[in-house]
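Q:
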Amino acid sequence: MLKIVLTTLLGIFAVSYSASAQTAPATATVVSDTTALKEFTGKYKFEGLPFEYMEFSLKAGSLTVQAGDQGGAMAPIKDAVDKFETADGAAKFTFARNEEKKVAKVTVEYQGMVFEGKKE
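Taken in order, the sequence shown gives residues -21 to -1, 1 to 99; the numbers are from mature numbering (1 follows the signal peptide of the UniProt record, and there is no 0).
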C-alpha cells in the first residue's frame, strides 16, 4: 500500500513539474527567490520508503524535488514560512530549522500520511 501511495505521490511531482514549466516567473522575482530557495536545496534521508533520499534543487528559478526517478517543481504556500506544495496541492512540504536557523529536515504530507527526512 505504501509503495502505491508513494508511486502516486511521485507521479504528482512529475505532473506538477510539467505544469509549472509552462509559466515563466518574472526575472526580478527569480533572482531574489533563488537566493532564498538555496537554503532548502540538498539531499534529505528518509527511512522506510522505497527510495532512500529526496533531493531538492533549483531549476529555472523554482525549487524542485527528485525522489527516485520521479520529480517536479514546488510552489511556496502563501502566507506560510518554509512551506511548499505541488502544483495541485496534493503534497505539502514543511522544512524545519535547527537552533542555528539552518534548514535541517523536511516533513512531507500526502494523503494523510507524514514522512520526515533529515538533511545530509
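Ideal Cβ placement from N, Cα and C applies to all residues, glycine included. All values reported here derive from a predicted model rather than from experimental measurement.
1. Going by other Cβ atoms of all chains shown within 10 Å of its Cβ, with 16 needed for buried, is threonine 14 buried or exposed?
2. Please specify which runs of the beta strand (DSSP E), each continuous and at least 3 residues long, are wholly inside the segment 6 to 50, giving them in chain order.
3. Applying the 10 Å Cβ sphere with the 16-neighbour rule, what's the burial state of lysine 60?
4. Once you ignore the five residues that flank threonine 73 on each side, which residues in its own chain have a CB closer than 6 Å to its CB?
5. Alpha carbons only, please: which of Asn77, Phe19, Lys71 is nearest the one belonging to residue 137?
6. Going by the CB atoms, is the gap between alanine 70 and glutamate 79 shorter than 8 Å?
7. Taking a contact to mean a Cβ-Cβ separation below 8 Å, would you say phenylalanine 35 touches glycine 21 in this structure?
8. Leaving out five residues on either side along the sequence, give the residues of the same chain with a beta carbon under 8 Å from the beta carbon of tyrosine 23.
9. What are the boundary residues of the beta strand (DSSP E) that includes valine 60?
10. Of all the options Asn77, Asp58, Ala54, which has the alpha carbon lying nearest to the alpha carbon of aspartate 67?
A: In short, the structure shows the following:
1. exposed
2. 21 to 24, 32 to 38, 41 to 46
3. For clarity, residue 60 is valine in the given sequence; the question names lysine instead. Looking at its Cβ environment, which holds fewer than 16 other Cβ atoms inside 10 Å, valine 60 is exposed.
4. Result list for threonine 73: Lys62, Thr86, in chain order.
5. With the chain covering -21 to 99 only, the question about residue 137 has no answer from this structure.
6. no
7. Closer than 8 Å, so yes.
8. Tyr32, Met33, Glu34, Phe35, Lys84, Val85, Gly96, Lys97, Lys98, Glu99
9. Looking at the DSSP string, valine 60 is not in any beta strand (DSSP E), and its letter there is neither H nor E.
10. For aspartate 67, the nearest C-alpha among the options comes from Ala54.
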